[in-house]
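Asks: Could you have a look at this structure, given as structure tokens, before my questions?
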Amino acid sequence: MKQTLWMMTGVAVAALWLTGCASTPRVREVELDRAPITSKLEPQDVRRTVEKMAESLLSAPGVREAVGGTRPVLDVEPLKNRTTQHVDMVSITDSLRMQLLRSGMFRFVDKSTSGTDIEFMDAQANLGLTDPKKAIRPGQQSAAQMYLTGALSEIKTQVGRTVDQYYKFSMTLKDLRSGELVWADEQEIRKESVKPRVGF
Amino acid sequence: MKRMTTLAGAVLLTAALVTLTGCVETAGTSVTTDHMAGTSLVLEDSTRLRDQLQVLKVNYDEVNGLKRVHITLQSARHRRLRLNYRIAWFDINGMEIDPATKTYRNLILEGRDTVTVTGVANSPACVTSKLRVRDLEAAD
Numbered sequence: 001m002k003q004t005l006w007m008m009t010g011v012a013v014a015a016l017w018l019t020g021c022a023s024t025p026r027v028r029e030v031e032l033d034r035a036p037i038t039s040k041l042e043p044q045d046v047r048r049t050v051e052k053m054a055e056s057l058l059s060a061p062g063v064r065e066a067v068g069g070t071r072p073v074l075d076v077e078p079l080k081n082r083t084t085q086h087v088d089m090v091s092i093t094d095s096l097r098m099q100l101l102r103s104g105m106f107r108f109v110d111k112s113t114s115g116t117d118i119e120f121m122d123a124q125a126n127l128g129l130t131d132p133k134k135a136i137r138p139g140q141q142s143a144a145q146m147y148l149t150g151a152l153s154e155i156k157t158q159v160g161r162t163v164d165q166y167y168k169f170s171m172t173l174k175d176l177r178s179g180e181l182v183w184a185d186e187q188e189i190r191k192e193s194v195k196p197r198v199g200f
Numbered sequence: 001m002k003r004m005t006t007l008a009g010a011v012l013l014t015a016a017l018v019t020l021t022g023c024v025e026t027a028g029t030s031v032t033t034d035h036m037a038g039t040s041l042v043l044e045d046s047t048r049l050r051d052q053l054q055v056l057k058v059n060y061d062e063v064n065g066l067k068r069v070h071i072t073l074q075s076a077r078h079r080r081l082r083l084n085y086r087i088a089w090f091d092i093n094g095m096e097i098d099p100a101t102k103t104y105r106n107l108i109l110e111g112r113d114t115v116t117v118t119g120v121a122n123s124p125a126c127v128t129s130k131l132r133v134r135d136l137e138a139a140d
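As you go down the protein sequences, you meet chains X and Z in turn. Each residue of the first sequence is one higher than the last, beginning at 1 in my numbering. Each residue of the second sequence is one higher than the last, beginning at 1 in my numbering.
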């Protein structure tokens, strides 16, 4: 009788322990370059790629030749996503632009905000709120001399419980006047995950 | 009674082992290079990593007006080493420049192999570099 009582208490404690833990998620801040948790593209992969691309571009001899002491005007086009995953390519482009901007080697224009520029100029010219002498008129913006473009592609292989995922970021810098490719580089990432034998 | 003492000892030892193995050492090896004075300082804060990895050579140059550092590392082990490294940059006042943009990268070193890691400053204001190598297990 006493043994049964002890056993029932033990089961109740175990049940409480197991269910009680799951009710509130445990949240903590982790470092930006944490260890991988999935075989998908993760923030640390993107951060490493942006850093590698920026370093490669800034130290390439071909870029120095093309820049030649001037600070050419550069536009960064959003990378094309050729993978099956949803990846915010505009965010990657923004990070890369920010790192290149800090080097002081280029000047930048942003084609994606041209619509907003027109709205501002239109408002300054037509609403009557701005001093007409100080209003910015269209037709004075700098022209992009070079542009940066690229793509992200993937190859996924699954054998049994093992998933092998390969990603490749490739980027090129093109001189708009000559049409020449000034710089090109790629970053490869390969990850493997093994599904557990038992699980959902 | 003696049996109970032995059992208690075994339980304590197990608990101690579990506690100790749960702790991951995050200290590692660092190489600080002053690009103006041309000096390098190697600090090996982890005894475990010190036995696994050696800093062979530190070179530095300048490319497109930006400082660049090359550090050659050698594995002292015969098995594969999985490490993380990060190269941070500091200005003349010792302030770290854009710390968030410098990431921990993966480094896989084969047994007794040598590899050179390279870092480029992202601003002309950077004059000091600091390489930090840590065990892969130190990552969250």
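Just so you know, even glycine gets a beta-carbon here, dropped at the ideal spot from N, CA and C.
#1: Leu43 of chain Z by DSSP, collapsed to three states: which one?
#2: Is the CB of Ala37 of chain Z under 8 angstroms away from at least one CB in chain X?
#3: Expressed to the nearest angstrom, what Euclidean distance is found between the alpha-carbon atoms of Tyr166 of chain X and Glu154 of chain X?
#4: Measure the beta-carbon distance from Gln52 of chain Z to Ala27 of chain Z and round it to whole angstroms, keeping in mind my assumption that it falls under 8 angstroms.
#5: Looking only at its chain, what residues have a beta carbon closer than 6 angstroms to the beta carbon of Lys67 of chain Z, apart from the 5 residues adjacent to it on each side?
#6: Count the other C-beta atoms from every protein chain shown that fall within 10 angstroms of the C-beta of Leu81 of chain Z, then say buried if there are 16 or more, exposed otherwise.
#7: Can you tell me which of Z:Arg134, Z:Thr72, Z:Glu96 and Z:Ala138 puts its alpha carbon nearest to the alpha carbon of Thr128 of chain Z?
#8: Consult DSSP for Lys230 of chain X and reduce its assignment to one of helix, strand or coil.
#9: For my contact list, Leu83 of chain Z and Leu107 of chain Z are in at a C-beta cut-off of 8 angstroms; report their separation, rounded to the angstrom.
#10: Quick check: is the beta carbon of Asp33 of chain X nearer than 8 angstroms to any beta carbon in chain Z?
#11: Run the CB neighbour count on Met53 of chain X, radius 10 Å, all protein chains shown included, and call it buried at 16 or more, exposed below.
#12: What whole-angstrom Cβ distance do Asp140 of chain Z and Arg34 of chain X have, given they're in contact under 8 angstroms?
#13: State buried or exposed for Pro72 of chain X, treating a residue as buried only when at least 16 other CB atoms are found within 10 Å of its CB.
#14: With C-beta atoms as the reference, is His70 of chain Z less than 8 angstroms away from Thr114 of chain Z?
#15: Just checking: is the beta-carbon of Gly104 of chain X within a distance shorter than 8 angstroms of some beta-carbon in chain Z?
#16: Below 8 angstroms on the Cβ atoms is my contact criterion, and I expect Lys102 of chain Z with Thr32 of chain Z to pass it. Report the Cβ-Cβ distance as a whole number of Å.
#17: Hey, out of X:Gln124, X:Asp185, X:Gln85 and X:Ala144, whose CA is closest to Lys40 of chain X's CA?
#18: Closer than 6 angstroms by C-beta to Thr162 of chain X: which residues in its own chain qualify, once you throw out the five before and the five after it? Chain order, please.
#19: When you compare each of X:Ile92, X:Glu186 and X:Thr83 to Lys156 of chain X by their alpha carbons, which one comes out closest?
#20: Kindly list, in the order they appear in chain X, the residues whose Cβ is closer than 7 angstroms to that of Tyr104 of chain Z.
#21: On the three-state DSSP scale, how would you describe Thr38 of chain X?
#22: Whole-angstrom Cβ separation of Glu42 of chain X and Pro36 of chain X, contact assumed at under 8 angstroms?
#23: Less than 8 angstroms between the beta carbons of Thr29 of chain Z and Leu49 of chain Z, yes or no?
#24: Take the Cβ of Met8 of chain X as the centre, count every other Cβ of all protein chains shown within 10 Å, and call the residue buried at 16 or more, exposed below.
#25: Leaving out five residues before and five after Asn81 of chain X in sequence, what residues of the same chain have Cβ atoms less than 8 angstroms from its Cβ?
#26: Of the choices Z:Thr116, Z:Leu43 and Z:Leu13, whose alpha-carbon is the least far from that of Asn59 of chain Z?
#27: Report the three-state DSSP secondary structure of Ser142 of chain X (helix, strand or coil).
#28: Would you mind stating whether Leu173 of chain X and Val159 of chain X have Cβ atoms separated by less than 8 angstroms?
#29: With a CB to CB cut of under 7 angstroms and the five nearest residues on each side skipped, what residues in its chain are close to Glu137 of chain Z?
#30: For Asn126 of chain X and Arg137 of chain X, I'd like the C-alpha separation in whole angstroms.
#31: Work out the CA separation of Val27 of chain X and Thr5 of chain Z for me, nearest whole Å.
#32: Name, please, each residue of chain Z whose Cβ falls closer than 9 angstroms to the Cβ of Val63 of chain X.
Replies: Taking the coordinates as given:
#1: Strand.
#2: By this cut-off, Ala37 of chain Z is not an interface position.
#3: One Cα belongs to Tyr166 of chain X, the other to Glu154 of chain X, and the distance between them is close to 5 angstroms.
#4: So it is not a contact: roughly 13 angstroms between Cβ atoms.
#5: Once the five neighbours on either side are set aside, the close Cβ partners of Lys67 of chain Z are His35, Ala121 and Cys126.
#6: Under this definition Leu81 of chain Z is a buried residue.
#7: When C-alpha distances from Thr128 of chain Z are compared across Z:Arg134, Z:Thr72, Z:Glu96 and Z:Ala138, the shortest belongs to Z:Glu96.
#8: With chain X running from 1 to 200 in the structure shown, residue 230 of chain X is simply not present.
#9: Sure, about 4 angstroms apart at Cβ, within 8 angstroms.
#10: Any Cβ of chain Z closer than 8 angstroms to the Cβ of Asp33 of chain X would place that residue at the interface, and such an atom is present.
#11: That one is buried.
#12: Rounded, the Cβ-Cβ distance is 4 angstroms, consistent with contact.
#13: Buried, by the Cβ-count rule.
#14: No; because the gap between Cβ atoms is not below 8 angstroms, this pair is not in contact.
#15: For Gly104 of chain X, the nearest CB of chain Z lies under 8 angstroms from its own CB, placing it at the interface with that chain.
#16: Incorrect: roughly 14 angstroms between the Cβ atoms, too far for contact.
#17: It is X:Gln85 whose Cα lies nearest to the Cα of Lys40 of chain X.
#18: Closer than 6 angstroms at Cβ, skipping near neighbours: Val194.
#19: If we check each option's Cα against that of Lys156 of chain X, X:Thr83 comes out closest.
#20: Per Cβ cutoff of 7 angstroms: Asp33.
#21: Residue state, collapsed to three classes: coil.
#22: Confirmed, about 6 angstroms.
#23: Cβ distance < 8 angstroms, so Thr29 of chain Z and Leu49 of chain Z count as in contact.
#24: The residue is exposed, with fewer than 16 neighbouring Cβ atoms inside 10 Å.
#25: The beta carbon of Asn81 of chain X is closer than 8 angstroms to those of Val87, Met89, Ala151 and Leu152 in its chain, skipping five residues each way along the sequence.
#26: For the options Z:Thr116, Z:Leu43 and Z:Leu13, the alpha carbon positioned closest to that of Asn59 of chain Z is the one of Z:Thr116.
#27: Three-state DSSP puts Ser142 of chain X in coil, outside helix and strand.
#28: For Leu173 of chain X and Val159 of chain X, no; Cβs fall outside 8 angstroms.
#29: Within the same chain, Glu137 of chain Z has close Cβ partners Val24.
#30: Take the alpha-carbon of Asn126 of chain X and the one of Arg137 of chain X: they are about 11 angstroms apart.
#31: Distance between the alpha carbons of Thr5 of chain Z and Val27 of chain X is about 40 angstroms.
#32: Residues of chain Z passing the Cβ test: Asn64.
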